[in-house]
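J.: Residues in the sequence shown are numbered consecutively from 1, following full-length UniProt numbering.
C-beta: ideal position from N, C-alpha, C; glycine also.
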Amino acid sequence: MLPSQSNPNPWSESEPAEWSHYSDLETLIIEGAYSTKQPQAILDDYYIDFKQKRQISNIDSNKQRPIKRVQRKRDDKHLREERFMDLPVGTGRSFSGEYGWVSPFIIEVRSHLGLQPD
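Printed below as a string of structure tokens:
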């Protein structure tokens with residue numbers, strides 16, 4: 001597992017290092033590339049350079065953060081945080097609220113075929 005340094009200024013020597021874990025999916029991609037001896041692991045917004053031990057932005061190569069590989073202990077209870085949501089996602093309407101009980105597609109097909117509603 002690889003955490004990245006998440007300080008606002010990751011190269012600052014005056015503030016203590018803060019490390020953030022990658023998501024489960026990112027960890028799978030990173031570990032897959034690492035175990036097959038790839039030089040890099042490519043993610044959505046950045047890539048991991050294993051030789052330099054850095055996370056580098058795909059858009060701006062000057063935006064870099066140090067990374068480190070750590071072995072987790074069996075009793076480490078690090079939660080899979082991305083599985084849990086901070087705020088519930090509310091639907092604006094019920095499942096049938098947007099179009100009534102019938103979708104516009106069904107209404108058009110019914111009209112085109114000359115079918116009458118029950």
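Can you tell me whether A41 is buried or exposed? The criterion is at least 16 other CB atoms within 10 Å of its CB, across all chains shown.
T.: Buried, because 16 or more other Cβ atoms sit within 10 Å of the Cβ of A41.
J.: My guess is that S4 and I56 are in contact by the Cβ rule of under 8 Å, so how many angstroms apart are they, rounded?
T.: At roughly 11 Å, the Cβ-Cβ gap does not stay under 8 Å, so S4 and I56 are not in contact.
J.: To the nearest angstrom, how far is it from the Cα of P8 to the Cα of I48?
T.: If you take the alpha carbons of P8 and I48, they lie about 19 Å apart.
J.: Please name the residue or residues paired with P66 in a DSSP beta bridge.
T.: Partner(s): R54.
J.: Residues in its own chain within less than 7 Å of E26 by CB, not counting five upstream and five downstream?
T.: So the qualifying residues of the chain are L43.
J.: Quick test of your reading: Y46 and N62, contact by CB under 8 Å. State the CB separation rounded to the nearest angstrom.
T.: At roughly 12 Å, the Cβ-Cβ gap does not stay under 8 Å, so Y46 and N62 are not in contact.
J.: Counting C-beta neighbours from all protein chains within 10 Å, is the total for I30 16 or more, i.e. buried, or is it exposed?
T.: It is buried - the Cβ of I30 has at least 16 other Cβ atoms within 10 Å.
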